Every structure is written in structure tokens, then in C-alpha cells.
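Enquirer: In this note's numbering, the protein residues as written are 3 to 274. The beta-carbon is built from N, C-alpha and C at its ideal position, and this holds for glycine as well. Predicted model only: the values in this text are computed from it and were never measured. Quick one: the structure is below, questions incoming.
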């Protein structure tokens with residue numbers, strides 16, 4: 003009987019001793035364990051290459067039903083480890099042919115990894131998403147925009163033919179004003195919160211299932227000192243109160259593994 007070929011699925015790097023939680027890996031069979039290299043560790047589990055090899059994964063990555071539950075397992079394992087250790091999370095489906103390749107990666111980037119762990123020792127990543135109700139903003143623009151108000155005044159006295167053209171012009175003015183206002187609010191909110199964080203990044207907002215009624219306009223992540231968390235959380239609350247009347251809401255989540263502030267390892271991770 004041919005022996006099953008296995009690879010090493012890498013979840014994260016972490017620092018510190020002690021045992022890992024009792025966790026089943028992403029394949030639902032093999033346990034998560036640590037590869038230790040001095041004071042640095044890699045959390046891994048064995049996976050069958052028949053399912054997780056390069057060629058099978060190329061096909062699987064187009065299958066949402068396969069990806070979605072495994073992404074959840076991947077993130078849950080990292081979050082479990084994060085409760086006891088600082089971590090450097092690794093992207094989904096990073097697989098190596100051997101533990102030696104992981105040791106080589108740790109050796110090549112040891113100084114960078116240690117520096118990162120030092121930088122995040124007393125910090126946490128928090129996510130802030132901003133949503134806007136386009137209808138509320140549009141109503142406010144109709145009431146407050148001088149440009150829109152001027153067109154509305156002309157509309158009241160216009161002939162049917164001219165009213166049609168003015169209506170188109172008004173709709174365009176509202177659309178332009180809405181786009182500008184949305185960008186302005188998103189940037190203002192990002193900067194207000196950044197003043198109370200060490201670092202911040204803006205990721206691309208993604209579409210929502212209920213995007214007919216609301217739209218994500220801010221998808222930010224912040225690295226915050228643990229000692230400043232109360233102030234940061236309060237600032238998020240006050241910022242939402244400030245903009246709520248304009249149809250804007252904020253959602254604060256975390257703490258998360260520091261996905262957005264990790265060191266870059268280049269092609270070595272991709273090649274496994």
C-alpha cells in the first residue's frame with residue numbers, strides 16, 4: 003500500500019514556551035503541533051498533499067464551499083494560539099514540503115521576526131469598518147448643497163423639456179456630491195482614529211449583501227497600545243456619534259492577529 007504523502011501546513015509563528023492548545027488541524031484529522039527553533043516557534047499540522055498539494059489547491063481555490071469553512075478553521079487556530087502567545091499569522095493555505103524549509107525561513111528572517119515581536123509586545127490590532135446610508139446622505143445633500151438647491155429652484159419654474167435636462171443635471175450634482183462627501187467622511191474618520199493609534203492601514207472596502215441600503219466606505223485596521231485601548235474605544239464611540247446624523251455608522255472589532263502589520267517574507271512563503 004502506497005504511503006500517504008504529507009506536507010506541513012503553517013498557521014503562524016509565535017514566541018514563547020509552553021504547550022499549544024489541543025487543536026485539530028485544517029484537514030480535520032491531524033493535530034496542530036509546534037516546530038521549535040530556539041525561542042521561535044512555528045505552529046503547523048500535517049496535511050495530505052493529495053488534497054493540499056499545489057495542483058489540487060489550484061482547483062480548490064475556485065470552490066467557495068471548500069474554501070470558506072477552512073478559512074474559518076485557519077483563523078480560529080491562530081486566534082487560539084494568540085490567547086497565550088504573540089503571533090505572526092501566515093496566509094491561508096501556506097504549505098511546505100518539509101519542516102526543514104520552515105526552519106530555513108525562520109533562519110533567514112530571524113532578526114525581522116524578533117524585531118516584530120518586540121514591536122507588538124504591548125500592542126493589539128483592532129478593525130474599524132465604516133458604513134454609510136446613501137439615502138440619508140442624499141437627503142442631506144438635497145437640503146444643504148447650494149449647487150443642488152440652485153438647480154431645484156430653477157426646476158420649479160422650468161418648462162417640461164427644460165425640467166427634464168435640469169433633473170438630469172440635479173441627479174449628477176447629487177451623485178458627485180455624494181461621492182465627494184463619502185470620501186471626505188471616510189478620510190476624516192480614519193485620521194481621527196489614527197491620532198490614537200501607533201499605525202493604521204486602509205484596506206479596500208468590500209461589497210455587502212444589503213448594499214442597496216448601506217455601503218462600506220471604510221475598512222481600516224489600527225495597531226493600538228494596550229494601555230490606550232480605553233481611549234481608542236471611546237474615540238470610536240464619539241466619532242460615530244459625531245457622524246451618525248449624516249448616515250454614518252462604525253463597527254469596532256478585535257483584537258485580531260496582526261495580519262495588517264506583519265513583516266513581509268517575500269517569495270519564500272509563496273514557494274513553500
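(1) Please state whether the Cβ-Cβ distance between residue 15 and residue 42 is less than 8 Å.
(2) Quick check on residue 267: does DSSP put it in helix, strand or coil?
(3) Just mark residue 255 as buried or exposed, buried being the case when its beta carbon has 16 or more other beta carbons within 10 Å.
(4) Give me the Cβ distance between residue 101 and residue 49, rounded to the nearest whole Å; I'm assuming they're in contact under 8 Å.
(5) Let me know the secondary structure DSSP gives residue 274 once reduced to three states.
(6) If you draw a straight line from the C-alpha of residue 115 to the C-alpha of residue 17, how long is it?
(7) Between the stretch 231-238 and the stretch 195-206, are three or more C-beta pairs nearer than 8 Å?
(8) Classify residue 208 as helix, strand or coil using the three-state DSSP reduction.
(9) DSSP on residue 38, reduced to helix/strand/coil?
(10) Pick from 65, 224, 87: whose alpha carbon is nearest that of residue 22?
(11) Rounded to the nearest angstrom, what separates residue 11 and residue 245 at their Cα positions?
(12) Find out if the Cβ-Cβ distance for the pair residue 228, residue 127 is shorter than 8 Å.
(13) What is the DSSP secondary structure of residue 229, counted as helix, strand or coil?
(14) Report all residues from its chain with a CB closer than 6 Å to the CB of residue 105; omit the five preceding and five following residues, and keep chain order.
(15) Report the residue from 108, 99, 98, 51 whose alpha carbon sits nearest the alpha carbon of residue 90.
(16) So, at 8 Å on beta carbons, what are the nonlocal neighbours of residue 201 in its own chain, with the 5 sequence-adjacent residues on each side left out?
(17) If I'm right that residue 199 touches residue 220 with Cβ under 8 Å, what's the distance once you round it to whole angstroms?
Expert: Considering the structure as presented:
(1) yes
(2) coil
(3) exposed
(4) Their Cβ separation, rounded to whole angstroms, is 13 Å, which puts residue 101 and residue 49 out of contact at 8 Å.
(5) Here the model assigns residue 274 a pLDDT of 47, short of 50, so the residue's position is not dependable, and the following value carries that caveat. Of the three classes helix, strand and coil, the one that applies to residue 274 here is coil, per DSSP.
(6) 9 Å
(7) yes
(8) coil
(9) strand
(10) 87
(11) 44 Å
(12) no
(13) helix
(14) 39
(15) 108
(16) 224, 225, 263
(17) With 8 Å as the limit, residue 199 and residue 220 do not qualify as a contact, their Cβ atoms being about 14 Å apart.
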